[in-house]
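Structure record follows, encoded as structure tokens.
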Amino acid sequence: MKKQARYQGVIDYFLANVPEAETELTYENPFQLLVAVILSAQCTDKRVNLTTPGIFKKYPNPATMSKASFDDLFPLVRSISYPNNKTKHLIGMSQLLMTSFNGAVPMTIEDLVKLPGVGRKTANVITSVIDQQPNMAVDTHVFRVSRRIGLVPMTANTPLAVEKGLIKHIPSELVHKAHHWLILHGRYTCLARSPKCASCGITEFCKFYAATNKIQSL
Numbered sequence: 073m074k075k076q077a078r079y080q081g082v083i084d085y086f087l088a089n090v091p092e093a094e095t096e097l098t099y100e101n102p103f104q105l106l107v108a109v110i111l112s113a114q115c116t117d118k119r120v121n122l123t124t125p126g127i128f129k130k131y132p133n134p135a136t137m138s139k140a141s142f143d144d145l146f147p148l149v150r151s152i153s154y155p156n157n158k159t160k161h162l163i164g165m166s167q168l169l170m171t172s173f174n175g176a177v178p179m180t181i182e183d184l185v186k187l188p189g190v191g192r193k194t195a196n197v198i199t200s201v202i203d204q205q206p207n208m209a210v211d212t213h214v215f216r217v218s219r220r221i222g223l224v225p226m227t228a229n230t231p232l233a234v235e236k237g238l239i240k241h242i243p244s245e246l247v248h249k250a251h252h253w254l255i256l257h258g259r260y261t262c263l264a265r266s267p268k269c270a271s272c273g274i275t276e277f278c279k280f281y282a283a284t285n286k287i288q289s290l
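Put into structure tokens, the structure is as follows:
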């Protein structure tokens with residue numbers, strides 16, 4: 073199967089079956105999403121969603137969080153993985169938003185990665201979710217699923233290489249949705265250790281399925 077046909081089959085399936093894919097993080101504004109995404113690193117969305125209401129109640133915006141002390145904020149973050157670093161990141165991020173961005177979350181990758189706790193993946197999430205920019209955030213699910221299906225070659229062994237491969241073949245207007253398609257597929261169907269191929273709707277286009285079932289990919 074040619075790569076473009078594989079992409080088209082996967083895209084057509086998700087457009088038909090998951091047309092409104094979106095983040096499972098709970099948020100009401102760009103600042104809340106930024107906080108949630110920073111907290112979500114190596115942590116489940118479920119745990120983050122249990123934690124953020126208490127944080128947002130006490131610190132609803134960058135102005136209030138920028139004035140928080142470590143000892144004030146840490147108890148609200150402590151149930152999250154790496155709470156020490158993430159507490160420091162949230163305070164530093166809020167302070168920089170106030171001093172450099174007038175309290176507003178910037179919407180460019182270049183500005184976002186200046187914030188403590190924000191790398192390229194987080195910046196891609198913020199710009200694609202909030203502004204629907206064609207930026208592909210590559211987390212562990214996107215990395216695994218895109219390589220396993222065959223959307224990118226197994227030699228694409230870094231998140232950036234996977235990101236570039238996906239962006240090259242996915243229509244720009246669908247990139248922000250495709251990010252969530254791949255995450256959700258990896259989270260609930262294409263599991264790391266025991267993928268649920270029997271209930272997967274895209275096996276026809278999947279290199280892994282073809283190989284493990286000893287059939288020739290079309």
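Residues are numbered in my numbering as their position in the sequence shown, beginning at 1, plus a constant of 72.
Glycine included, C-beta positions come from ideal geometry on N, C-alpha and C.
For residue i, the three-state DSSP class (helix, strand or coil)
{"i": "Ser-244", "result": "helix"}
{"i": "Arg-265", "result": "coil"}
{"i": "Asp-144", "result": "helix"}
{"i": "Ser-153", "result": "coil"}
{"i": "Phe-277", "result": "helix"}
{"i": "Lys-186", "result": "coil"}
{"i": "Ala-88", "result": "helix"}
{"i": "Val-109", "result": "helix"}
{"i": "Phe-173", "result": "coil"}
{"i": "Ala-209", "result": "coil"}
{"i": "Pro-225", "result": "coil"}
{"i": "Met-165", "result": "helix"}
{"i": "Thr-98", "result": "coil"}
{"i": "Leu-231", "result": "According to the sequence shown, residue 231 is Pro rather than Leu. Three-state result, Pro-231: helix."}
{"i": "Thr-194", "result": "helix"}
{"i": "Ser-289", "result": "Low confidence applies here, because Ser-289 scores a pLDDT of 43, under 50, leaving its location unreliable; read the following figure in that light. Three-state result, Ser-289: coil."}
{"i": "Met-73", "result": "coil"}
{"i": "Tyr-131", "result": "coil"}
{"i": "Gln-93", "result": "Note that residue 93 is Ala in the sequence shown here, rather than Gln. If DSSP states are grouped into helix, strand and coil, Ala-93 belongs with coil."}
{"i": "Met-179", "result": "coil"}
{"i": "Thr-159", "result": "helix"}
{"i": "Lys-118", "result": "helix"}
Neighbourhood of residue i by C-beta distance below 6 Å, restricted to the same chain and skipping five residues each side
{"i": "Ala-113", "result": "none"}
{"i": "Asn-121", "result": "Thr-98"}
{"i": "Gly-237", "result": "Val-224, Ala-228"}
{"i": "Lys-145", "result": "Note that residue 145 corresponds to Leu in the displayed sequence, not to Lys. The residues are Thr-159."}
{"i": "Pro-102", "result": "Val-177, Ile-202"}
{"i": "His-188", "result": "It should be noted that the sequence gives Pro, not His, for residue 188. Only His-161, Gly-164, Met-165 meet the Cβ criterion."}
Per-residue burial, residue i [other beta carbons within 10 Å of its own, 16 or more giving buried]
{"i": "Cys-278", "result": "buried"}
{"i": "Asn-156", "result": "exposed"}
{"i": "Asn-285", "result": "exposed"}
{"i": "Asn-196", "result": "buried"}
{"i": "Met-165", "result": "buried"}
{"i": "Pro-125", "result": "exposed"}
{"i": "Asp-211", "result": "buried"}
{"i": "Arg-219", "result": "buried"}
{"i": "Tyr-131", "result": "buried"}
{"i": "Ala-250", "result": "buried"}
{"i": "Phe-86", "result": "buried"}
{"i": "Thr-182", "result": "Inspection of the sequence shows that residue 182 is occupied by Glu rather than by Thr. That one is exposed."}
Beta-carbon proximity list for residue i, same chain, < 8 Å, skipping 5 on both sides
{"i": "Val-149", "result": "Leu-111, Thr-123, Ile-127, Pro-155, Lys-158, Thr-159, Leu-162"}
{"i": "Gly-175", "result": "Asn-133, Pro-134, Ala-135, Leu-169"}
{"i": "His-375", "result": "Past the edges of the chain, shown from 73 to 290, lies residue 375, and the structure says nothing about it."}
{"i": "Ser-151", "result": "Arg-119, Leu-122, Thr-123"}
Chain-order list of residues whose beta-carbon lies under 7 Å from that of residue i (same chain, five-residue window excluded)
{"i": "Leu-105", "result": "Leu-97, Tyr-99, Ile-198, Val-201, Ile-202"}
{"i": "Ser-244", "result": "Pro-206"}
{"i": "Lys-193", "result": "Ala-209, Val-210, Asp-211, Pro-231"}
{"i": "Ile-287", "result": "The pLDDT assigned to Ile-287 is 48, lower than 50, so where the model puts this residue is not dependable; a value taken from the coordinates is nonetheless given after this. Excluding sequence neighbours, Ile-287 sits near nothing in its chain."}
{"i": "Val-107", "result": "Thr-124, Ile-127, Leu-162"}
{"i": "Gln-167", "result": "Ser-138"}
{"i": "Asp-117", "result": "Glu-96, Leu-97"}
{"i": "Leu-254", "result": "His-213, Val-214, Val-217, Ser-218"}
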